[in-house]
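Q: These protein sequence lines are chains A and B, in that order.
Last residue of the first sequence? That's 920 in this note's numbering, and every number before it is there in order.
Last residue of the second sequence? That's 1904 in this note's numbering, and every number before it is there in order.
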Amino acid sequence: MEVKEEKTRFDGVRVEVLGPTYEPGKPAGQDEGNWRRKLRDREEMLRYLRTSERYWYSSDWYGSERRKNPA
Amino acid sequence: MADHLDRSACPATVQLLGKAQQDGVSTAFLRADHVKPCPIGAEGSCCRNCAMGPCRVLLPRGKSDLEVEVTGVCGATTDTISARNFLRMIAAGAAAHSDHGRAVAETLIAAAKGEAPGYTIKDEYKLLKLALDFGIEVGDRPIEEIALDVGKAALAQFSQQEGELAFIKKAPLKRQEIWRKLGIVPRGIDREIVEALHRTHMGVDQDAETLLLHGMRAALADGWGGSMIGTELQDVLFGTPQPILGQVNLGVLKPDHVNVIVHGHEPLLSEMIVVAAEDPEMLALARAKGAEGINVAGICCTANEILMRHGVPIAGNFLQQELAIVTGVVDAMVVDVQCIMQSLPKVAQCYHTRIITTSNRAHIPGATHIEFHEHDAVNAAKAIVRAAIEAFPHRTGRVEVPPHRVDFVAGFSHETIDYLLGGVFRASYRPLNDNIINGRIRGVAGVVGCNNPRVKHDSVHVEMVKELIKNDVLVLQTGCSAIACAKAGLLTPEAAARYAGGGLAEVCEAVGLPPVIHMGACVDNSRILMAATAMVKEGGLGDDISDLPAAGAAPEWMSEKAIAIGQYFVASGVFTVFGVTWPTTGSEKFTRMLFEGLEEKVKARWAYEPDPIKAARLMIEHIDAKRKALGIDKARERVLYDMAMRRGLEAL
Ligand code: SF4
Ligand code: SF4
Chain A
850 MEVKEEKTRF
860 DGVRVEVLGP
870 TYEPGKPAGQ
880 DEGNWRRKLR
890 DREEMLRYLR
900 TSERYWYSSD
910 WYGSERRKNP
920 A
Chain B
1253 MADHLDRSAC
1263 PATVQLLGKA
1273 QQDGVSTAFL
1283 RADHVKPCPI
1293 GAEGSCCRNC
1303 AMGPCRVLLP
1313 RGKSDLEVEV
1323 TGVCGATTDT
1333 ISARNFLRMI
1343 AAGAAAHSDH
1353 GRAVAETLIA
1363 AAKGEAPGYT
1373 IKDEYKLLKL
1383 ALDFGIEVGD
1393 RPIEEIALDV
1403 GKAALAQFSQ
1413 QEGELAFIKK
1423 APLKRQEIWR
1433 KLGIVPRGID
1443 REIVEALHRT
1453 HMGVDQDAET
1463 LLLHGMRAAL
1473 ADGWGGSMIG
1483 TELQDVLFGT
1493 PQPILGQVNL
1503 GVLKPDHVNV
1513 IVHGHEPLLS
1523 EMIVVAAEDP
1533 EMLALARAKG
1543 AEGINVAGIC
1553 CTANEILMRH
1563 GVPIAGNFLQ
1573 QELAIVTGVV
1583 DAMVVDVQCI
1593 MQSLPKVAQC
1603 YHTRIITTSN
1613 RAHIPGATHI
1623 EFHEHDAVNA
1633 AKAIVRAAIE
1643 AFPHRTGRVE
1653 VPPHRVDFVA
1663 GFSHETIDYL
1673 LGGVFRASYR
1683 PLNDNIINGR
1693 IRGVAGVVGC
1703 NNPRVKHDSV
1713 HVEMVKELIK
1723 NDVLVLQTGC
1733 SAIACAKAGL
1743 LTPEAAARYA
1753 GGGLAEVCEA
1763 VGLPPVIHMG
1773 ACVDNSRILM
1783 AATAMVKEGG
1793 LGDDISDLPA
1803 AGAAPEWMSE
1813 KAIAIGQYFV
1823 ASGVFTVFGV
1833 TWPTTGSEKF
1843 TRMLFEGLEE
1853 KVKARWAYEP
1863 DPIKAARLMI
1873 EHIDAKRKAL
1883 GIDKARERVL
1893 YDMAMRRGLE
1903 AL
């Protein structure tokens, strides 16, 4: 699907450019804004915890405190 | 009317103060005119801890307590009396938050056992996180078993007698060291509160310094104990908040609907009322009485809680509770604990409103009591909604719902900020830290707390927050302060372009964040502690909360809880400014300890400044000083590379 759009260039000349090619969409229903649904099972949740909250729950990455207190 | 304009920055409040006057209703605004603050108590110089007193330890005019010593009958000095009073405020505030946390822990246990119909484990992710915090085995165990163990472990934190509270481990390592060195790591939540009351009893601790040290221990038991348990376990039961579009101000009330207002602090019951209000049986009953439907709205922190999780609108903050009834369309106001004015049944007498108390800890003469227990929550909620429907046909008096209603975005938990700034592959505070380091964001401020009719309602919060964001300070908010700024339109992404400084606006636009972030209710100040800790741990901004370019404020505070919160902010390393009044001015020495001496102990201190702009400037000065100490105070020049420079780069 090729969408073209007319736009005005910096020098005032009208030019044809490629338009957006994505499907416009909005999350709806129970998925709206709920990123947690991406974590489907316990294993994934624990894995995500160890990366997103790695300062507390990961044993190999300890943020700014790593140097002084190796985990 | 001109008078009322001076009382509030909120147009709906101003309008209804006019109606209240016409209807002959007394409100807190009016009573504040008639009841002047006691000058002795306001300074913290009144001791009534035994029957030899009460002793008013006033200094002779023009003298300071550093020159003369006046004492109570037992010999207690102004310093001791001020410190004792201050510690008692912390104890009461910590007790309120902690009792809230305890109720949530009990409900989680009941839900896990299947003894609380209607409650389920909504957030397994958060439950697993708590299981890791408490060292509870996860494996393949059923979710209810884990929840039961987590609930029991949380409940045990209240009565623990020795050791350290579990969440203390979450603080930056350096902060933990400071606490340990001072001997102020809380052992158990109840224990520190009881000890605070013991120490302040007649004839016990008489040294302002040791009283203050214990004050910090009790406050930490709140921030890193009771409040944090409340927040975390509520997330397990009701879901961790995610950004949600809400509406705020009295205009959310609907004249043709049955209006139920939930007011107070514990979302345990209000969650069920939201469910009951959607029950087809209740809706049919409401229609039979001539209403279009049932409209639930919130006041104070209950409002923040259910808005974040259900999108239920907020009718107003602390000083609007009486005015909601004055609209003439509130059929029932359901209250639980904290921040509920005893005047409500009296105001309700002028209208048809039913005031319903629900907690066995909080009864009000003149109100109807429908007690709520977690094992029968659904039925209690239905009984309450039914009472509201019954009241609907009995509306009396003139109805006036102000047209004011503002959209805003709420519900930014620490987890959501982490996710929004990072992404699903690796959530992170890195972009926030980077933008602080590169100077687009100057720093972060937590502006929280109540309303107080001694100052112009909402105006101090709004002025302060506007000044902060104008100077590129990202603001985190909870409680009635968040409601005040939401009403002023500051909690939308669009507010960034309108009110924020260039750097902050740029970042907000890039990530789609408002410049003022709603993080929940008063107990959720623990979320701000977690956000600050995450910033430290991410790296680049020092290795303690006190190194961060960050400050806190409660510019319109009134509750003892605010003092407890302020003290745990300070004890955690955050410079904190309060407005309205300061409760220890009777003792110069103790006040100096708070305003100066604490810096040496916990690397942070209190300040008092009632003028919002001056207070914001104090915060900005502090943020700038911290930036300087980190060596990130000089703006980095942006160099636009031309082709020759690029070639030079490649040659390297
Ligand atoms: S404890 Fe001392 S200062 Fe307080 S009321 Fe009794 S005698 Fe007075
Ligand atoms: S911010 Fe203050 S007034 Fe508002 S609900 Fe919390 S404690 Fe009560």
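Beta carbons: idealized from backbone N, C-alpha and C, even for Gly.
Does A:VAL862 come out as helix, strand or coil in the three-state DSSP assignment?
A: It is coil, neither helix nor strand.
Q: Using 8 Å as the threshold, is the C-beta distance between B:PHE1644 and B:ALA1738 below it?
A: In this structure, B:ALA1738 does not lie closer than 8 Å to B:PHE1644 by Cβ.
Q: Would you please state the rounded distance, in angstroms, between the beta carbons of B:VAL1548 and B:VAL1514? I believe it to be under 8 Å.
A: 7 Å
Q: Can you tell me where the alpha helix (DSSP H) with B:LYS1374 in it begins and where it stops?
A: Looking at the DSSP string, B:LYS1374 is not in any alpha helix (DSSP H), and its letter there is neither H nor E.
Q: Any idea what DSSP makes of B:PHE1664, helix, strand or coil?
A: Of the three classes helix, strand and coil, the one that applies to B:PHE1664 here is coil, per DSSP.
Q: Could you pull the start and end residues of the alpha helix (DSSP H) that B:PHE1827 belongs to?
A: Not the alpha helix (DSSP H): B:PHE1827 falls in the beta strand (DSSP E), residues 1827 to 1830.
Q: Give the straight-line distance between the Cα atoms of B:VAL1725 and B:VAL1717, rounded to the nearest whole angstrom.
A: 9 Å
Q: Taking the alpha-carbon positions, what's the B:LYS1634 to B:ILE1622 distance?
A: 11 Å
Q: Starting from the beta carbon of B:ALA1786, find every residue of chain A whose beta carbon is closer than 7 Å, and list them in chain order.
A: TYR904
Q: Taking beta-carbon pairs under 8 Å, can you tell me which members of the segment 881 to 901 of chain A lie near chain B?
A: GLY882, ASN883, TRP884, ARG885, LYS887, LEU888, ARG891, MET894, LEU895, TYR897, LEU898, THR900, SER901
Q: Chain A beta carbons: is any one of them nearer than 8 Å to that of B:ASP1776?
A: no
Q: On the three-state DSSP scale, how would you describe A:TRP905?
A: helix
Q: With a threshold of 7 Å (Cβ to nearest heavy atom), would B:ILE1333 be considered close to ligand 1?
A: yes
Q: What are the boundary residues of the beta strand (DSSP E) that B:VAL1510 is part of?
A: Per DSSP, the unbroken beta strand (DSSP E) holding B:VAL1510 starts and ends at 1510 to 1515.
Q: Can a CB atom of chain A be found closer than 8 Å to the CB of B:GLU1376?
A: yes
Q: Assuming B:VAL1527 is part of the alpha helix (DSSP H), what are its boundary residues?
A: 1519 to 1529
Q: Helix, strand or coil for B:HIS1453 per DSSP?
A: Residue state, collapsed to three classes: coil.
Q: Using a Cβ-Cβ distance cut-off of 8 Å, determine whether B:ASP1686 contacts chain A.
A: So, not an interface residue.
Q: For B:ILE1420 versus B:ALA1405, is the C-beta distance shorter than 8 Å?
A: No, the pair does not count as a contact, with Cβ atoms beyond the cut-off.
Q: From B:VAL1826 to B:ALA1856, what distance separates their C-alpha atoms?
A: 6 Å
Q: Looking at the C-beta of A:ALA920, does it have a partner C-beta in chain B at a distance below 8 Å?
A: Confidence at A:ALA920 is low in this model, with a pLDDT of 38, below 50, so the placement of that residue should be treated as unreliable; the coordinate-derived value is given next. Any Cβ of chain B closer than 8 Å to the Cβ of A:ALA920 would place that residue at the interface, and such an atom is absent.
Q: If the cut is a Cβ gap below 7 Å, which residues of chain A does B:ASP1951 touch?
A: The requested residue 1951 of chain B does not occur in the structure, where chain B is confined to residues 1253 to 1904.
Q: B:GLY1731 and B:VAL1700 - do their beta-carbons sit closer together than 8 Å?
A: yes
Q: How about B:MET1585 and B:LEU1571: do their beta carbons lie closer than 8 Å?
A: In this structure, B:LEU1571 does not lie closer than 8 Å to B:MET1585 by Cβ.
Q: Roughly how many angstroms separate the alpha carbons of B:GLN1854 and B:SER1824, rounded to a whole number?
A: First, the amino acid is wrong: residue 1854 of chain B is Val here, not Gln. Going by the C-alpha atoms only, they are around 7 Å apart.
Q: What are the uninterrupted segments assigned as beta strand (DSSP E) that are 3 or more residues long and contained completely in the segment 1709 to 1785 of chain B, given in chain order?
A: For the segment 1709 to 1785 of chain B, whole beta strand (DSSP E) runs of length 3 or above, ordered along the chain, are 1725 to 1729, 1768 to 1770.
Q: Determine the closest residue to B:GLY1403 out of B:LEU1379, B:SER1778, B:ALA1896, with distance taken between C-alpha atoms.
A: Nearest C-alpha to B:GLY1403: B:LEU1379.
Q: Name, in chain order, the residues that DSSP records as bridge partners for A:LEU867.
A: A:LYS853
Q: Please list, in chain order, the chain A residues whose beta carbon lies closer than 9 Å to that of B:ARG1879.
A: Per Cβ cutoff of 9 Å: no residues; B:ARG1879 is ~17 Å from chain A at best.
Q: Would you mind listing the alpha helix (DSSP H) stretches within the segment 1836 to 1895 of chain B that are 4+ residues and don't spill past its ends, in chain order?
A: 1840 to 1844, 1850 to 1854, 1864 to 1882
Q: Is B:ARG1340 close to ligand 1? I mean its beta-carbon at under 7 Å from any heavy atom of the ligand.
A: no
Q: If we call anything under 8 Å between Cβ atoms a contact, is B:PRO1766 one with B:CYS1774?
A: For the 8 Å CB-CB criterion, B:PRO1766 and B:CYS1774 do not form a contact.
Q: Secondary structure at B:CYS1326, three-state DSSP: helix, strand or coil?
A: Coil, per DSSP.
Q: Should B:LYS1433 be flagged as near chain A, meaning a C-beta pair shorter than 8 Å?
A: no
Q: Using the three-state DSSP reduction, which class does B:ASP1583 fall into: helix, strand or coil?
A: In the structure shown, B:ASP1583 adopts extended strand secondary structure according to DSSP, grouped into three states.
Q: Going by Cα to Cα distance, which pick from B:GLU1295, B:PRO1705, B:ASP1583, B:ALA1576 is closest to B:VAL1309?
A: Taking only the C-alpha atoms, the option nearest B:VAL1309 is B:GLU1295.
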